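In the order they appear, the protein sequences are chains A and B. In this text, residue positions in the first sequence follow the working numbering: the first is 1, and each later residue adds one. In this text, residue positions in the second sequence follow the working numbering: the first is 142, and each later residue adds one. No residue lacks a Cβ here, since even glycine has one placed at the ideal position from N, Cα and C. Because the structure is a prediction, the values reported are computed rather than measured.
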Amino acid sequence: MFPVKNDYFSRKFYNMNFPENLKYTKDHEWLQIDGDTATVGITDFAQRELGDIVFVDIDTEGKALGANEIFGTVEAVKTVSDLFLPVSGTVKEVNRDLEGTPEAVNQDPYGKGWMIKMTIDNQAEIDGLMDAAAYRQMIGE
Amino acid sequence: MKNTPFTDKHIALGAKMAEFAGYNMPISYTGINDEHATVRKNAGVFDVSHMGEFILKGPDALDLIQRVTSNDASKLNAPGKAQYSCLPNEQGGIVDDLLVYAIEPNNVYMLVVNASNIEKDWNWISKHNTKGVEMHNISDKTGLLAVQGPKAVEYMQELTDMDITNLKYYTFVKGKFAGVENVVVSATGYTGAGGVEIYFEDQDGAGEKIWEEVFRVGGPKGMKPIGLGARDTLRLEMGFCLYGNDIDDTTSPLEAGLGWITKFTKDFTSKEIFEAQKVNGVSRKLVGFEMVDKGIPRHHYKIQNNAGEEIGFVTSGTQSPSLNKAIGMGYVRKDLATEGSEINIMIRDKAVKAKVVKMPFE
Numbered sequence: 001m002f003p004v005k006n007d008y009f010s011r012k013f014y015n016m017n018f019p020e021n022l023k024y025t026k027d028h029e030w031l032q033i034d035g036d037t038a039t040v041g042i043t044d045f046a047q048r049e050l051g052d053i054v055f056v057d058i059d060t061e062g063k064a065l066g067a068n069e070i071f072g073t074v075e076a077v078k079t080v081s082d083l084f085l086p087v088s089g090t091v092k093e094v095n096r097d098l099e100g101t102p103e104a105v106n107q108d109p110y111g112k113g114w115m116i117k118m119t120i121d122n123q124a125e126i127d128g129l130m131d132a133a134a135y136r137q138m139i140g141e
Numbered sequence: 142m143k144n145t146p147f148t149d150k151h152i153a154l155g156a157k158m159a160e161f162a163g164y165n166m167p168i169s170y171t172g173i174n175d176e177h178a179t180v181r182k183n184a185g186v187f188d189v190s191h192m193g194e195f196i197l198k199g200p201d202a203l204d205l206i207q208r209v210t211s212n213d214a215s216k217l218n219a220p221g222k223a224q225y226s227c228l229p230n231e232q233g234g235i236v237d238d239l240l241v242y243a244i245e246p247n248n249v250y251m252l253v254v255n256a257s258n259i260e261k262d263w264n265w266i267s268k269h270n271t272k273g274v275e276m277h278n279i280s281d282k283t284g285l286l287a288v289q290g291p292k293a294v295e296y297m298q299e300l301t302d303m304d305i306t307n308l309k310y311y312t313f314v315k316g317k318f319a320g321v322e323n324v325v326v327s328a329t330g331y332t333g334a335g336g337v338e339i340y341f342e343d344q345d346g347a348g349e350k351i352w353e354e355v356f357r358v359g360g361p362k363g364m365k366p367i368g369l370g371a372r373d374t375l376r377l378e379m380g381f382c383l384y385g386n387d388i389d390d391t392t393s394p395l396e397a398g399l400g401w402i403t404k405f406t407k408d409f410t411s412k413e414i415f416e417a418q419k420v421n422g423v424s425r426k427l428v429g430f431e432m433v434d435k436g437i438p439r440h441h442y443k444i445q446n447n448a449g450e451e452i453g454f455v456t457s458g459t460q461s462p463s464l465n466k467a468i469g470m471g472y473v474r475k476d477l478a479t480e481g482s483e484i485n486i487m488i489r490d491k492a493v494k495a496k497v498v499k500m501p502f503e
């Protein structure tokens, strides 16, 4: 057999990471909740399924949106996926660094790959989100 | 879903798999950008065994090919010559694009067609086979690896005594390769990176043997398996048409920039339609464009002019891994089909600026 790099795109060899301190959605987004604000990005599973991410297009800064409304789009080389606001709130800040380095979403989905910071309108909506264990179960880990 | 001779290998190697034209195919291994760069700089191996192969045999084989294809197959006047061509339909559209290989000129030809069109093409050619040409659909038993990239030929030469180092583009040899007999090694491909395509009959473990040998010589030098994702970005950078995207039953070869494979030196389906298009011009043309403002064009996005009128649509688009910019192909009204024309791609209801450029993209 020839050598194949066991790098992070290779499904067979890769151990996905789902931090315990985050909340997760069925649309493969994560939230780090800090009081009435949250930071939002896409999960390790999502970035791996998408492959090389080449464009993150978010033009909803300052907008108040309902839960599950589209707040932006993430594009991989071959695919386009909508980004859904996990809970109702207002998009307060967009990660502008992703304009120049969209690959940060692949390399560091929970860190440099964050996408927006938002306010949370209704804390009760948080209860509808998954914890890491439930999310792992949903994706069949 | 059908398997190729290599499906198990792809899965064992951890490829991301998906159905394509009814086959379980590898979409990517290490990531499209990495695979793309490997082919442009070194060499990569594509399993394209899903492609269809027909053998046409007999004294009237050339006559049949001439009548159903647009290019002039009589130019394949020596064994070992191949050509790109298309099968026009009766409305001046395209049934499929294909390669025609002269195994024995005037007697035996191999046609290589798109996987998604095997049945359609077979029926189409059969319908025109009025003079009893012997036809064989060898698609299921034929394996095909495309070994592509600037180093591909150098690596593959180690596996055969046939001279493939000096094979000219669109020629081929047939013989022993990697210990397997009757292998066709063809200087063709869909990447613009150079290399060969290797056709073999998948029997007695031939596929296994060829795969192992190909990677035995290339693997240590950095050659890698490549998925269909990178195949698409590679061909798009070259401006090569993809059937179902850039050409289909409703597009004329002249609109698609395939006038060079439409030869009026012989009779063939829709010849009169194409002759009239050549004389009178076509109303739309397939062009390449690059994005001026930020955005990635995708298949089916609409194209507008600066006045906001719809003047065409995108047929293929991607972020180009080699050029690091967004590129695409699409049909546009002929007055905007010239290099430098400003057009707008409608991305999520926003008009995003682009300009028409020549292909291959650079």
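How would you write the range of the alpha helix (DSSP H) that residue i sits in, first residue to last?
i        : result
GLY359/B : 347-359
SER267/B : 259-269
ILE414/B : 412-421
TYR135/A : 132-138
THR210/B : Where THR210/B is concerned, there is no enclosing alpha helix (DSSP H), given that its DSSP letter is neither H nor E.
ALA178/B : 173-182
Using beta carbons (cut-off 9 Å, strictly below), is residue i in contact with chain B?
i        : result
VAL94/A  : no
ASN15/A  : no
VAL80/A  : yes
GLU61/A  : no
GLU20/A  : no
GLU125/A : no
GLU99/A  : yes
SER10/A  : In this prediction, SER10/A has a pLDDT of 43, which is less than 50 and means its spatial position is unreliable; what the coordinates show is noted afterwards. It does: the Cβ of SER10/A has a partner Cβ on chain B nearer than 9 Å.
ASN106/A : yes
MET138/A : no
Using a C-beta to C-beta distance shorter than 9 Å, which residues of chain A count as neighbours of residue i?
i        : result
ASN174/B : GLY51, ASP52, VAL54, VAL77, GLU103
SER257/B : Within chain A, no residue comes near SER257/B; the closest Cβ sits about 17 Å away, beyond 9 Å.
Given that residue i touches chain A, what residues does it touch there, using C-beta distances under 8 Å?
i        : result
GLN460/B : VAL54, PHE55, GLU75, VAL77
GLY370/B : GLY51, VAL77, LYS78
Please list, in chain order, the chain A residues whose beta carbon lies closer than 7 Å to that of residue i.
i        : result
ASP188/B : Within chain A, no residue comes near ASP188/B; the closest Cβ sits about 14 Å away, beyond 7 Å.
ARG439/B : VAL80
THR374/B : VAL77
Tell me, which residues are paired with residue i by DSSP?
i        : result
ILE488/B : LYS491/B
LEU427/B : TYR472/B
MET158/B : PRO167/B
HIS440/B : Looking at the DSSP assignment, HIS440/B forms no beta bridge with any residue, so it has no partner.
CYS227/B : ASP238/B
PHE318/B : VAL321/B
SER457/B : MET470/B
ILE70/A  : PHE84/A
ILE126/A : In DSSP, ILE126/A forms no bridge with anything.
HIS277/B : ILE196/B
ALA202/B : In the DSSP output, where bridge partners are listed per residue, ALA202/B has none listed.
PHE313/B : SER327/B
LEU65/A  : GLY89/A
Under a CB-based cut-off of 9 Å, is residue i close to chain A?
i        : result
ASP490/B : no
LYS157/B : yes
SER169/B : yes
ALA467/B : yes
GLY290/B : no
LYS435/B : yes
PHE502/B : no
Tell me which residue opens and which closes the beta strand (DSSP E) that residue i is part of.
i        : result
VAL241/B : 235-245
GLU342/B : 336-342
GLN289/B : 283-289
GLU322/B : 321-327
ALA256/B : Premise fails: ALA256/B is in no beta strand (DSSP E) and is neither H nor E.
GLU450/B : Note, GLU450/B: premise wrong, no beta strand (DSSP E); not H, not E.
THR119/A : 116-120
PHE55/A  : 53-57
Inter-stretch contact at 8 Å, needing at least 3 Cβ pairs: the segment 43-50 of chain A / the segment 64-81 of chain A: Inter-segment contact for the segment 43-50 of chain A and the segment 64-81 of chain A is present: three or more beta-carbon pairs are separated by less than 8 Å.
Inter-stretch contact (C-beta, 8 Å, three-pair minimum) for the segment 279-293 of chain B and the segment 191-209 of chain B: yes
Three CB pairs or more closer than 8 Å across the segment 466-485 of chain B and the segment 405-421 of chain B: no
Contact between the segment 155-174 of chain B and the segment 232-239 of chain B (3+ Cβ pairs under 8 Å): no
Touch test, the segment 485-494 of chain B against the segment 445-458 of chain B, Cβ-Cβ under 8 Å, three pairs minimum: yes
At least 3 beta-carbon pairs within less than 8 Å: the segment 167-180 of chain B vs the segment 356-375 of chain B: yes
The segment 291-298 of chain B contacting the segment 200-219 of chain B, beta-carbon criterion three pairs below 8 Å: The segment 291-298 of chain B vs the segment 200-219 of chain B: no contact.
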